[in-house]
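Chains as they are written, first to last, in the numbering used here: chain P, 2 to 303; chain L, 11 to 283.
Every residue gets a Cβ at the ideal spot worked out from N, C-alpha and C, and that includes glycine.
Taking it in order: structure first as structure tokens, then the write-up.
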Amino acid sequence: MTTDISHGLSATSASVSSKVNAGEITVSNVSKSYGAGLFTKEVIKDCSFTIECNKLTVMIGPSGCGKSTLIRLLAGFEKPTTGDIKLGGKPITGPGRDRLVVFQESALFPWMTTYENIMYGPRARGEDTQENRDQADYLLEKVGLTAFRKKYPPQLSGGMQRRAELARAMINNPEVMILDEPFRGLDCMSKELMWEYYAGLYEESRRTNFFVTTDIDEAIFLADRLLIMSNVPGQVRATIEVDLPRPRRLAFVFDSERANAVKMEALSLLHEEAMKSFTGGSKAAADFVEAYSRRSSKAEAG
Amino acid sequence: MKITGLRKTLFSRATLRAVIALSVFLVLWEIGSQSKQWLGFTVPWIGQVPAPTAVLKAWVELLSDPGYWQSWYMSTLRVLAGFFAAMLIGIPLGLFMAVNRTFNGLAFPSFEILRPIPPLAWVPASIIFWPTQELSIAFVTFLGAFFTVVINVLGGAKSIDVRFFQSAQSMGSSQWDVFRRVVLPATLPSIVVGSAVGMGITWEVVVAAEMISGGGGGGGSGGGLGFFIWNSYVGGSYEQIVVGMISIGIAGFACSELLRTLGGYFTPWLKKR
Chain P
2 MTTDISHGLS ATSASVSSKV NAGEITVSNV SKSYGAGLFT KEVIKDCSFT IECNKLTVMI
62 GPSGCGKSTL IRLLAGFEKP TTGDIKLGGK PITGPGRDRL VVFQESALFP WMTTYENIMY
122 GPRARGEDTQ ENRDQADYLL EKVGLTAFRK KYPPQLSGGM QRRAELARAM INNPEVMILD
182 EPFRGLDCMS KELMWEYYAG LYEESRRTNF FVTTDIDEAI FLADRLLIMS NVPGQVRATI
242 EVDLPRPRRL AFVFDSERAN AVKMEALSLL HEEAMKSFTG GSKAAADFVE AYSRRSSKAE
302 AG
Chain L
11 MKITGLRKTL FSRATLRAVI ALSVFLVLWE IGSQSKQWLG FTVPWIGQVP APTAVLKAWV
71 ELLSDPGYWQ SWYMSTLRVL AGFFAAMLIG IPLGLFMAVN RTFNGLAFPS FEILRPIPPL
131 AWVPASIIFW PTQELSIAFV TFLGAFFTVV INVLGGAKSI DVRFFQSAQS MGSSQWDVFR
191 RVVLPATLPS IVVGSAVGMG ITWEVVVAAE MISGGGGGGG SGGGLGFFIW NSYVGGSYEQ
251 IVVGMISIGI AGFACSELLR TLGGYFTPWL KKR
């Protein structure tokens, strides 16, 4: 078994790579709380992990565990209450084009065509060059939207919008791409199609990607490294190295025994977390706990 | 392609319904007005209104009267002057209030106190304030559109999804770039709506202002459609009153339609899917 499953905090891996990598994000002892006085709610508490350079790191955790808050911190839209976040050794002070965020649901500009949307970044920086135009054409083809370059976002299907959004982010060559449940709300089939498109884009560029999701299959299909979050206040509880071969294709990933082993491991870790918060009185974890117990009783019966 | 498109519009079910509804309305109106002669009893209210045939006759006569066209011209001119002034001042003001919190804090309270004052309540003050009658009518017309335009632009610009700003920012947009390529286009639909509503109000206001102020300097011929109606009332020509009313209806409809078409041209992404 080459699947390395380490249950400890991934802060340990930060010390391993003490040399500074461009595009590597280190999150150390970050806490974030909202409100004041008695009404303070701590969403993230003492959270530490590393987003390794040129890898696709997927973070999975129950909904409402502070993932989106973490994304806003990484993007620089908000600042942590305590602790610090560094990109390539330098602290993050605000939004910047070295980190691009792809949001839940579409944030494409409805008043621009697909092509204009993709060219937004280059034009914003005054780089409307032939090279960038060619790159836009290439990306359009890569995400299968060449025929839709002159359409406006409302004229595209949900899946097309997400792909256009991926292309719009990729053209800016960010050091880090941050994706906040980018395929949420799509139906099952389109979602799987998105995974293949996205995996293809990633495998070609191999830039640092940070992908947040609640979907376990999505996480395993895409991830090089899988971070498992605890319930609120959010912390990274475990890291799993997912060493499935690339390129990843739907045709074989989910048939592989290793993928299943990783999935079971991840699920049992998530279950541990859910149990903890369930016994702690949280109703949010109840569904997961019940689903997990039904799944395992089915496995025993079969 | 264009011809078939036009034919489709002309012979569509919607057009057919519009024609039927208008015909039924005109026929009932005619019967109502004529009933005294045919059946010997008067339908209340409608019996006092001139019949459509009489109105049509008066209208045909007026078509060759330069005074009637002068009224059209005067009112249109006042509406356009007031409307464009409102757009010219209202759109930048609304946008500036939306993007600058300090300015919004300074301007919004006085704006909100002045806004509920009906434009017609401004008539006496503006007659005193402005040197010519023409200017005071144009000013009142301007007020009619101004507040609507500002409140629409302000509302539109303030309700822009924060994710648009965040993604523009993370793609390296400067402040000016965000304003030009995010705020402005995102507010355009509200500007179109605001101007269409504002245009409707300017027509309402100009007519009333003309009636109250006595129709500007030119007396009977320079008075505009509002004064035309008032003058017809004073002169006892009831057919002409109705002609004046319908003329205003047509003018307002044409202006709004023109704005809608123009607005559609500026906001192509809002077209049907």
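{"Item": "Residue span of the beta strand (DSSP E) that contains P/K42, given as start and end", "Value": "K42 to I52"}
{"Item": "Segments of 4+ residues assigned as alpha helix (DSSP H) that fall wholly inside the segment 210-267 of chain P", "Value": "217-223 and 251-254"}
{"Item": "Same chain, Cβ closer than 6 Å to L/G228, neighbours up to 5 away in sequence not counted", "Value": "Only weak support is given to the placement of L/G228: the predicted model assigns it a pLDDT of 49, under 50, and the value that follows is read from those uncertain coordinates. Here the set comprises nothing."}
{"Item": "P/R249, buried or exposed, once every other Cβ within 10 Å from all chains shown has been counted against 16", "Value": "buried"}
{"Item": "Below-8 Å beta-carbon distance, P/F279 vs any chain A residue", "Value": "Here the protein chains are P and L, and chain A is not one of them."}
{"Item": "Nearest residue (CA-CA) to L/I161, options L/S146, L/S180, L/T52 and L/L105", "Value": "L/L105"}
{"Item": "P/T58, enclosing beta strand (DSSP E) - first and last residue", "Value": "L57 to I61"}
{"Item": "Below-8 Å beta-carbon distance, P/P96 vs any chain L residue", "Value": "yes"}
{"Item": "Contact residues within the segment 170-200 of chain L, judged by C-beta distance below 8 Å to chain P", "Value": "D171, R173, F174, Q176, S177, A178, Q179, S180, M181, G182, S183, S184, D187, R191, V192, P195, A196 and L198"}
{"Item": "Chain L contact for P/L57 (CB, 8 Å cutoff)", "Value": "no"}
{"Item": "Identity of the residue in L/Q185, L/G259 and L/G154 nearest P/A125 by Cα", "Value": "L/Q185"}
{"Item": "Residues near L/A178 by beta carbon distance below 8 Å, same chain, minus five either side", "Value": "D187, V188, R191 and V192"}
{"Item": "Residue from P/P154, P/D225, P/Y203 and P/T214 whose Cα sits closest to the Cα of P/D181", "Value": "P/T214"}
{"Item": "Contact between the segment 27-41 of chain P and the segment 80-92 of chain P (3+ Cβ pairs under 8 Å)", "Value": "yes"}
{"Item": "P/R238 versus P/K56, P/Y121 and P/M60, residue with shortest Cα-Cα distance", "Value": "P/M60"}
{"Item": "Beta-carbon proximity list for L/Y4, same chain, < 6 Å, skipping 5 on both sides", "Value": "Residue coverage of chain L in this structure runs from 11 to 283, which leaves residue 4 of chain L outside it and unanswerable."}
{"Item": "Any C-beta of chain P under 8 Å from that of L/W48", "Value": "no"}
{"Item": "Where the segment 155-180 of chain P meets chain L: residues whose CB sits under 7 Å from a CB there", "Value": "P155, Q156 and N173"}
{"Item": "Contacts around P/T114, its chain only, beta-carbon distance under 7 Å, and the 5 residues preceding and following it disregarded", "Value": "R150, K151, K152 and Y153"}
{"Item": "Cβ-Cβ distance between L/T19 and L/G92 below 8 Å", "Value": "no"}
{"Item": "Host alpha helix (DSSP H) of L/I258 (start-end)", "Value": "Y248 to F276"}
{"Item": "Minimum Cβ-Cβ distance from L/W279 to chain P less than 8 Å", "Value": "yes"}
{"Item": "Cβ neighbour criterion (16 or more within 10 Å) applied to P/P246", "Value": "exposed"}
{"Item": "Endpoints, the alpha helix (DSSP H) within which P/R169 is located", "Value": "G159 to M171"}
{"Item": "4 or more residues per run - each alpha helix (DSSP H) lying fully within the segment 123-166 of chain L", "Value": "133-139"}
{"Item": "8 Å Cβ cutoff, P/V102 in contact with chain L", "Value": "yes"}
{"Item": "CB of P/A165 within 8 Å of CB of P/L157, strictly", "Value": "yes"}
{"Item": "Coil, strand or helix - L/L280 by DSSP", "Value": "helix"}
{"Item": "Straight-line gap, L/E311 to L/Y78 (C-alpha atoms, nearest Å)", "Value": "In this structure chain L extends from 11 to 283, so residue 311 of chain L is not present and cannot be described."}
{"Item": "L/E267 versus L/G165: straight-line alpha-carbon distance, rounded", "Value": "23 Å"}
{"Item": "Check whether L/M97 and L/V159 have beta carbons under 8 Å apart", "Value": "yes"}
{"Item": "8 Å Cβ shell around L/V207 - same chain, five flanking residues per side excluded", "Value": "T158 and N162"}
{"Item": "Contact between the segment 218-238 of chain P and the segment 61-68 of chain P (3+ Cβ pairs under 8 Å)", "Value": "yes"}
{"Item": "For P/L202 and P/K1, believed in contact at Cβ under 8 Å, the rounded distance", "Value": "Chain P is shown only over 2 to 303; residue 1 of chain P falls outside these bounds and no answer can be derived."}
{"Item": "Environment of L/M181 [buried if 16+ CB atoms lie within 10 Å]", "Value": "buried"}
{"Item": "For P/M195 and P/Y293, the rounded distance between their alpha carbons", "Value": "27 Å"}
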